[in-house]
Amino acid sequence: MQTIQAMVNPRLLTKANRLFTGTLEGRIIEVLQNARRAGATKVEITNQGGYITVRDNGDGIDDFSRLLDLGGSGWEETLESSEDPAGVGLFCLAPRQVTIRSNGKRTMISGDGWTGAPVDIRDDPEPVQGTLLRFQDEEWTSAVVDRNAVFCGMDVTVDGKPCPKMPFISDQASSQPELGCRIEVRESQDLNAWHNSCKRGSYHSDNVLVNFHGQVVAFDCHPVSEHQSRSAATA
Ligand SMILES: Nc1ncnc2c1ncn2[C@@H]1O[C@H](COP(=O)(O)OP(=O)(O)O)[C@@H](O)[C@H]1O
Ligand SMILES: [Mg+2]
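Here is the structure:
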């Protein structure tokens, strides 16, 4: 009998610079997620001359090789088990030239550095606290950053202006230890404008919002109604 088996072809690495669809929002989400995973409480985003600088006050990068480890991560074990990181997020910045500074070291990833060529790690003559990323991009406007930062739990600024920050759910939420989350049921008119901004537009009703460690996912859930189940039973 012949069997087949899932495997990873090393050619995947040569395509790593094309893994992401390349949306601005996607890049913002990935970069904020990394800062939060590093334990940052503050993230400063600045736009200057076509370059974006993102500076967080997290734990910094111990092992720079993790940056380009496709499918591998360098987070704490507790985070590994709670979030199951995919280890691909930073590749959303490919094929850009990205400068990364942390823990007294600095590197610049560009071109074929994203697809397997060796990338130098150097001492940083002006070490920074936390982690600093710098790369070329369209403007990271408050309008786009705000809706991705509002429920992330960190103090995020864009060009010095604080993004909104608020709790996703209230004290009324019930704790569900077996599910590992808290749940709150609200009338739709009691959602605020930021909750509504997480919904996917007019086509979907999106009556469920899930805050997964700072990133909100919206979807429709319509359990079978009494009317439907009765008609199913009589069908
Ligand atoms: N802001 C940051 N602070 C500290 N470490 C970081 C930061 N961004 C990235 N890293 C390191 O780079 C690795 C790769 O990041 P990424 O490709 O986004 O994958 P993932 O977040 O799924 O692990 C992380 O696992 C982490 O070790
Ligand atoms: Mg990540």
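Numbering (our numbering), first residue to last: 509 to 743. From the three backbone atoms N, C-alpha and C, an ideal C-beta is built for every residue, glycine too.
A contact between stretches requires three or more CB pairs, one per stretch, nearer than 8 Å, and the segment 594 to 607 meets this requirement with the segment 524 to 531. Residue environment analysis places GLN541 among the buried positions, since at least 16 neighbouring C-beta atoms fall within 10 angstroms of its C-beta. Contact between the segment 582 to 595 and the segment 670 to 682 is not established, with fewer than three Cβ pairs separated by less than 8 Å. Within the same chain, and ignoring the five residues on either side of SER733 in sequence, no residue has its Cβ closer than 7 Å to its Cβ. The beta carbon of ALA548 lies closer than 7 Å to those of ASP564, ASN565, GLY566, GLY638, MET662 in the same chain, with the five residues before and after it left out. Along the segment 629 to 689, the alpha helix (DSSP H) occurs as fully enclosed runs of 4 or more residues at 650 to 657, listed in sequence order. At a threshold of 7 Å, GLU686 does not count as near ligand 2, since its beta carbon sits no closer than that to any of the ligand's heavy atoms. In the same chain as VAL636, and ignoring 5 residues on each side of it, the C-beta atoms closer than 8 Å to its own belong to ARG563, ARG609, SER610, in chain order. Taking every protein chain shown into account, the CB of HIS703 has 16 or more other CB atoms within 10 angstroms, so this residue is buried. In the displayed model, ARG708 falls within coil according to three-state DSSP, outside both helix and strand.
At a Cβ-Cβ threshold of 8 Å, GLU538 and HIS721 do not count as neighbours.
In the DSSP annotation of this structure, SER733 is not part of any beta strand (DSSP E), being labelled neither H nor E.
Counting C-beta pairs with one atom in each stretch, the segment 694 to 712 and the segment 513 to 520 have fewer than three that are closer than 8 Å, which means they do not touch. By a beta-carbon distance limit of 8 Å, GLY595 does not contact GLY619. Their separation comes to about 21 Å.
According to DSSP, residue pairing for GLN556 in a beta bridge involves TYR559. In the structure shown, the three-state DSSP call for SER581 is coil. Burial check for ALA651: the Cβ neighbour count within 10 Å stays below 16, so the residue is exposed. Residues close to ligand 2 by the beta carbon criterion (under 7 Å to any non-hydrogen atom) are, from first to last along the chain, GLU538, GLN541, ASN542, ARG545, PRO593, GLY597, LEU598.
DSSP places SER590 in the helix class (H, G or I) of the three-state scheme. Under the three-state reduction of DSSP, ALA726 is assigned to strand.
Distance from the CA atom of VAL725 to the CA atom of ILE617, rounded to whole angstroms, is 31 Å.
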